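See below for the structure under consideration.
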Amino acid sequence: IFEELSASIFQGLFALTMFRNSVNSSDFNILLCGLFCWSCFHWIYQHRSDLIVQVPNLGVIYHVKMASATLLITFIDLSILLYCFEHLTEHGVDLHFYFLYNISILFVGFMFNLTKYVLNLLEMFKPNEWHDKSLYLFYAELVQDLLKVIVLCSYFYMVTISFGLPLYLIRDCIFSFASLIKKIKQLLNFHKTMRDLQNRYPDATPDELASGDRVCIICRENMDTAKRLSCGHLFHFNCLRRWIERHNVCPTCRQPL
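For the sequence shown, position 183 (counting from the first letter as 1) is numbered 183 according to full-length UniProt numbering, and the numbering increases by one without interruption.
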């Protein structure tokens with residue numbers, strides 16, 4: 001949290017040079033301190049939402065707190081966004097636009113963390129392992145990156161035409177676009193590999209299962225049915241599908257799929 005707060009303060013100081021005409025406004029200090037405090041609350045929510053997969057048997061109180069925090073963050077975020085948007089339409093681009101941008105980024109991240117928490121919560125009620133969860137999480141990450149790029153580009157464009165080129169945002173733009181492009185490439189490779197997995201890689205025969213190691217190296221459980229890769233290694237189909245969502249090589253020999 002301290003590292004993220006330091007980066008946020010550093011970016012805020014640069015933003016002040018762009019919006020210097022509205023720095024002397026009476027509510028500036030309150031807005032800036034409130035933004036940093038509210039950002040910390042968002043980051044705490046992110047870490048708390050991850051506890052559901054890290055700590056077993058959290059109990060009802062944890063979920064009640066998460067539900068309360070979710071309602072509070074949703075209400076306050078939407079209220080701030082509405083206030084800043086109304087101010088923007090009445091007075092044009094000023095320091096409030098900086099707060100609109102930051103709260104929008106925080107809200108996008110909050111919606112992703114909420115989606116991740118809900119998926120993990122649903123998995124707890126599944127009688128068997130939920131094989132599609134990781135794919136839903138991947139799509140949620142892709143949507144998050146796409147929305148962040150849209151918000152960042154909109155902010156970058158409006159600031160550029162109003163005040164000049166915001167050099168401090170170029171690094172964020174590069175990393176955001178790189179992350180989005182990487183996710184899209186992973187998605188395309190995943191669908192291509194899934195088609196290959198169904199068509200190119202045959203099911204292992206009973207003799208192949210009997211002659212080799214029946215333990216799937218991904219989940220460490222015995223295999224009754226398996227897929228055989230071109231390198232000859234055998235894996236559960238669902239285990240292999242989850243693996244290639246993140247990697248495009250054989251889990252054993254690292255040969256490209």
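The beta-carbon is built from N, C-alpha and C at its ideal position, and this holds for glycine as well. These numbers were taken from a predicted model, which means no experiment stands behind them.
To the nearest whole angstrom, what separates the beta carbons of residue i and residue j, a pair I think is in contact under 8 Å?
i	j	result
Leu180	Val143	Incorrect: roughly 10 Å between the Cβ atoms, too far for contact.
Leu137	Leu119	6 Å
Gln255	Cys231	5 Å
residue 258	Leu234	The first residue shown for the chain is 1 and the last is 257, placing residue 258 beyond what the model contains.
Arg242	Ser134	5 Å
Lys126	Ser49	Rounded, the Cβ-Cβ distance is 19 Å, inconsistent with contact.
Ser6	Phe36	Incorrect: roughly 10 Å between the Cβ atoms, too far for contact.
residue 268	Ile73	Within the shown structure, residues of the chain are numbered from 1 to 257, placing residue 268 beyond reach of any answer.
Comparing C-alpha positions only, which one of the options sits nearest to residue i?
i	options	result
Asp77	Lys65, Gly59 and Phe110	Phe110
Pro251	Met223, Thr225 and Cys219	Cys219
Leu71	Ser8, Ser176 and Leu114	Leu114
Cys216	Thr205, Cys239 and Phe85	Cys239
Asp94	Phe41, Arg246, Gly164 and Glu123	Gly164
Phe107	Leu188, Pro166 and Trp38	Trp38
Val151	His91, Leu169 and Gly34	Leu169
Pro56	Met66, Thr74, Met124 and Arg246	Met124
Pro166	Phe14, Glu4 and Phe10	Phe14
Glu208	His87, Thr193 and Thr225	Thr225
Tyr155	Asp213, Ile73, His87 and Asn102	Asn102
Asn248	Glu129, His191, His47 and Lys227	His191
Asn236	Arg195, His131, Gln11 and Asp145	Looking at the sequence itself, residue 236 is His, so the reference to Asn does not match. The residue with the shortest Cα to Cα distance from His236 is His131.
Asp145	Arg171, Lys182 and Glu129	Lys182
Thr193	Leu229, Glu221, His63 and Tyr83	Leu229
Leu32	Phe10, Ile52 and Lys65	Phe10
Arg171	Leu187, Cys153, Gln186 and Leu188	Cys153
Arg246	Glu141, Ser211 and Ala210	Glu141
Ile52	Phe85, Gly212 and Met66	Met66
Would you list the one or two residues that DSSP bridges to residue i?
i	result
Asp203	Lys227
Val249	Pro256
Asn222	Val215
residue 259	As displayed, the chain neither begins before 1 nor continues past 257, which places residue 259 out of reach and without an answer.
In the DSSP assignment, find the unbroken alpha helix (DSSP H) run with residue i in it and report its ends.
i	result
Cys239	Phe237 to Ile244
Gly109	Leu95 to Met124
Glu86	Val60 to His91
Asp145	Lys133 to Phe163
Leu169	First-last for Leu169: undefined, no H or E at that position.
Ile53	The residue you asked about is not Ile; residue 53 is Val in the sequence shown. Val53 -> alpha helix (DSSP H) spans Leu51 to Gln54.
TODO: For the segment 201-210 and the segment 170-179, state whether three or more C-beta atom pairs, one from each stretch, are separated by less than 8 Å.
DONE: no
- [ ] Would you be able to state if there are at least three C-beta pairs under 8 Å between the segment 147-164 and the segment 95-108?
- [x] yes
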